[in-house]
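In this note's numbering, the protein residues as written are 1 to 260.
Spelled out as structure tokens, the structure:
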């Protein structure tokens, strides 16, 4: 006997609620009870009614257990999710606290290296912006380089300086005096001109002052790192990263210049 047959025996529609089932069972039990019903099939009918009723009651009890188990499982699942998220959040807070306590000198490199980079940057800043020195020197020799299209360039040699030139050989002759302007600290040629005609001036294709902004950035970042107490880890990381990036670019430029 399946559950649908049980409902049919009681004369109820499948899915009727338990209250209706109990009410119907009482009615049929009184009607077919062998003590009150003399019909020959009353006993078997009464037995079927009892079996059908018990099966329906058992069915509803099992459904209730399944529903309860499902809700308990959902509650346990939500509790596990909550505990997992709570644990992850606590780990995040702990990591954040550790990062916030991290000294800026523990990022990338230590304090001595920062001092070294800052002093070097200060040196290049001063070399860039201090007044230029100048001297007059005669051209001892020059080397001329021309490509197939006769675009010429080369290097002029004086007593103390080798200066790059760019299409200037129609103006410069051996023995001709040059007015050379150079930086105060590095002695790097910034520009030069023919001594008797200062309106004709030439600039080397490269000098460090062209990238003076990088040395300023490195110096400013170094001062911030050394003397300004940055509160958040992110701000410390940003300043140190900017300093690292500027040092890297400046170093690459210097390397390419000296290799050229």
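C-beta: ideal position from N, C-alpha, C; glycine also.
- When secondary structure is reduced to three states using DSSP, residue 178 falls in the strand class.
- In the DSSP assignment, the residues bridged to residue 135 are 180.
- For residue 220, the enclosing alpha helix (DSSP H) begins and ends at 212 to 227.
- When the Cα atoms are used, residue 36 and residue 47 turn out to be separated by approximately 14 angstroms.
- Membership of residue 191 in the beta strand (DSSP E) is indicated by the continuous run 189 to 194.
- Only exposed fits residue 80, as fewer than 16 other CB atoms lie within 10 angstroms of its CB.
- The residues 121, 124 and 125, in chain order, have a CB closer than 6 angstroms to that of residue 215 in the same chain once the five nearest residues on each side in sequence are set aside.
- Fewer than three pairs of CB atoms, one per stretch, sit closer than 8 angstroms, so the region 176 to 195 makes no contact with the region 88 to 97.
- 5 is the residue among 5, 77, 138 and 226 whose C-alpha sits nearest the C-alpha of residue 54.
- Residue range 141 to 146 is occupied by the beta strand (DSSP E) that includes residue 143.
- In summary, residue 85 is exposed, with fewer than 16 beta-carbon neighbours lying within 10 Å of its beta-carbon over all protein chains present.
- Counting the other CB atoms within 10 Å of its CB gives residue 130 a total below 16, which places it among the exposed residues.
- In the DSSP secondary-structure assignment, residue 164 is bridged to 155.
- Note: residue 233 is not bridge-paired with any residue in the DSSP secondary-structure output.
- Under the rule that a run must span 4 or more residues, no alpha helix (DSSP H) segment is found entirely inside the region 77 to 123.
- Closest by C-alpha distance to residue 178, out of 115, 38, 159 and 241, is 159.
- Residues of the same chain with a CB within less than 8 angstroms of the CB of residue 12, apart from the 5 flanking positions on each side, are 20, 21 and 24 in chain order.
- Residue 49 and residue 29 do touch by the CB rule: their CB atoms are close to 6 angstroms apart, below 8 angstroms.
- Annotation for residue 6: the continuous alpha helix (DSSP H) segment containing it runs 3 to 10.
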